[in-house]
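Trainee: What follows is a single structure, and I will ask about it in a moment.
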């Protein structure tokens, strides 16, 4: 085997190991967050994500804007919104001049509920990443920031 091929093979294997580590850590953290949201807030991670997007937009979002922001289908968001409306955490507001579109936003109770979850969520993340220094977190974040530029839908 030529030296160039050995280097490429080694690089390829390291990148594969990196991907598997990232995937393992992501799944472990996500699993822990799902469990804590379920047991401590009777919530789900998708529900938390919807509430976070709405919390960041005080004026609310159209359903299609919310779907785009979360990168999920309108159908996925609709079921979560229906349950949040039933719980009094979200309200639907008709958009004048467009009978088909509605804007959804957190109610004051929904904002308060999300704020409590967000405080806990941040505490959980800090505990889960306890061994990571501020410098390490910044450096890892910078390295990961490079990845999306290299990722394309037609990469082989």
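In the UniProt record's numbering, the protein residues as written are 1 to 156.
Virtual Cβ for every residue (Gly too), placed ideally from N, Cα, C.
On a predicted model such as this, the values are computed, not experimentally measured, just so you know.
Buried or exposed: residue 36, going by 16 or more other Cβ atoms within 10 Å of its Cβ?
Mentor: Classification of residue 36: buried, given that the 10 Å Cβ count is 16 or more.
Trainee: Give me, in chain order, the residues of the same chain whose beta-carbon lies closer than 8 Å to that of residue 38; leave out the 5 immediate sequence neighbours on both sides.
Mentor: Once the five neighbours on either side are set aside, the close Cβ partners of residue 38 are 44.
Trainee: Could you check whether residue 91 and residue 107 sit closer than 7 Å to each other, using their CB atoms as the reference points?
Mentor: Yes, Cβ-Cβ distance for residue 107 and residue 91 is below 7 Å.
Trainee: Does DSSP put residue 154 in a helix, a strand or coil?
Mentor: At residue 154, the pLDDT of 48 sits below 50, so the modelled position is not reliable and the matter cannot be decided from this model.
Trainee: Does residue 91 come out as helix, strand or coil in the three-state DSSP assignment?
Mentor: Strand at residue 91.
Trainee: Tell me whether residue 22 is buried or exposed, calling it buried when 16 or more other Cβ atoms sit within 10 Å of its Cβ.
Mentor: By the 10 Å Cβ count, residue 22 comes out exposed.
Trainee: To the nearest angstrom, how far is the alpha carbon of residue 219 from that of residue 68?
Mentor: Only positions 1 to 156 of the chain appear in the structure, and residue 219 is not among them; the question remains open.
Trainee: First and last residue of the beta strand (DSSP E) that includes residue 104?
Mentor: Start and end: 98-106.
Trainee: Note the first and the last residue of the continuous alpha helix (DSSP H) segment covering residue 67.
Mentor: Note, residue 67: alpha helix (DSSP H), 63-70.
Trainee: Can you tell which of 87, 62, 145 has the C-alpha that lies nearest to the C-alpha of residue 42?
Mentor: Residue 87 is the option with its Cα nearest to residue 42.
Trainee: Which same chain residues, not among the five before or five after residue 104, have their C-beta less than 6 Å away from its C-beta?
Mentor: So the qualifying residues of the chain are 60, 81, 90, 92.
Trainee: May I ask which residues mark the beginning and end of the alpha helix (DSSP H) holding residue 75?
Mentor: Its alpha helix (DSSP H) spans residues 74-86.
Trainee: Cβ atoms of residue 33 and residue 53: under 7 Å apart, would you say?
Mentor: For residue 53 and residue 33, no; Cβs fall outside 7 Å.
Trainee: Please state the DSSP three-state secondary structure of residue 130.
Mentor: DSSP places residue 130 in coil when its eight states are reduced to three.
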